[in-house]
Amino acid sequence: MQAGQRWESISEKRRRACLAGLSPFYLISPSIRLDSDAACQKMPMNTNARKVRNQDGNPCIEESDGSQKCMDRNNYDKGMCTFYFQRYKECRKYWHNIMIQRRRDGVKPDMPTASEREDILAAIGGKPY
Numbered sequence: 000m001q002a003g004q005r006w007e008s009i010s011e012k013r014r015r016a017c018l019a020g021l022s023p024f025y026l027i028s029p030s031i032r033l034d035s036d037a038a039c040q041k042m043p044m045n046t047n048a049r050k051v052r053n054q055d056g057n058p059c060i061e062e063s064d065g066s067q068k069c070m071d072r073n074n075y076d077k078g079m080c081t082f083y084f085q086r087y088k089e090c091r092k093y094w095h096n097i098m099i100q101r102r103r104d105g106v107k108p109d110m111p112t113a114s115e116r117e118d119i120l121a122a123i124g125g126k127p128y
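Under numbering that gives the first Met the number 0, residues 0 to 128 are what the sequence shown spells out, in order.
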């Protein structure tokens with residue numbers, strides 16, 4: 000293993016094989032190819048990925064997607080996407096402070112739901128970041 004690499008779980012390897020058009024069981028039998036992506040669609044999503052894509056749990060999905068699209072467009076040149084990274088960072092900081100304040104005030108859940116966040120942003124006249 001090279002420096003900077005991390006260990007991949009079997010499910011991550013299978014998902015990567017699916018994306019490459021191989022059977023999710025490619026690791027067992029490399030000769031098996033997929034005729035359709037039905038087998039890949041049935042594979043469970045990583046629980047961390049599910050949390051990140053949850054609208055109620057992650058208020059900065061839009062900013063995260065913007066960063067990722069910028070990286071894709073610019074061949075992963077981080078210098079070209081600093082605006083998007085900064086916007087994502089400010090978003091996370093803003094909603095983290097809201098979450099801390101709600102926790103201090105005893106409001107549950109700590110993170111406002113997606114509809115509550117829309118109301119908060121409408122009340123202050125848009126995104127402050």
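Where a beta carbon is used, it is the ideal one built from N, C-alpha and C, also for glycine.
How many Å lie between residue i and residue j at the Cα?
i	j	result
K68	W94	22 Å
P108	G125	22 Å
D55	T81	26 Å
A203	I119	Because residue 203 is not part of the residues shown, which for the chain are 0 to 128, the question remains open.
M70	Q85	14 Å
N53	R103	24 Å
D76	E89	21 Å
Q100	E117	18 Å
V106	A122	19 Å
N74	N96	33 Å
Skipping 5 residues on each side, what residues in its chain have a beta carbon closer than 6 Å to that of residue i?
i	result
M110	M98
R79	A small correction: the amino acid at residue 79 is Met; Arg does not occupy that position in the sequence shown. Once the five neighbours on either side are set aside, the close Cβ partners of M79 are N73.
Any idea if residue i is buried or exposed, counting beta-carbon neighbours within 10 angstroms, 16 or more meaning buried?
i	result
R72	exposed
Y147	Residue 147 lies beyond the stretch modelled for the chain, which goes from 0 to 128, so this question has no answer here.
E62	buried
S66	buried
R83	Residue identity check: residue 83 is Tyr in the sequence provided, not Arg. So Y83 counts as buried.
Identify whether residue i lies in helix, strand or coil by the three-state DSSP scheme.
i	result
Q54	coil
C80	helix
D64	helix
D109	coil
C69	helix
N96	helix
Y87	helix
Who are the Cβ neighbours of residue i in its own chain at under 7 Å, not counting the five residues just before and after it?
i	result
R91	C59
P127	Y93
E115	none
Within 7 Å of any Cβ in chain D, is that where the Cβ of residue i sits?
i	result
M110	Judged by its chain identifiers, the structure shown contains no chain D, having just a single protein chain.
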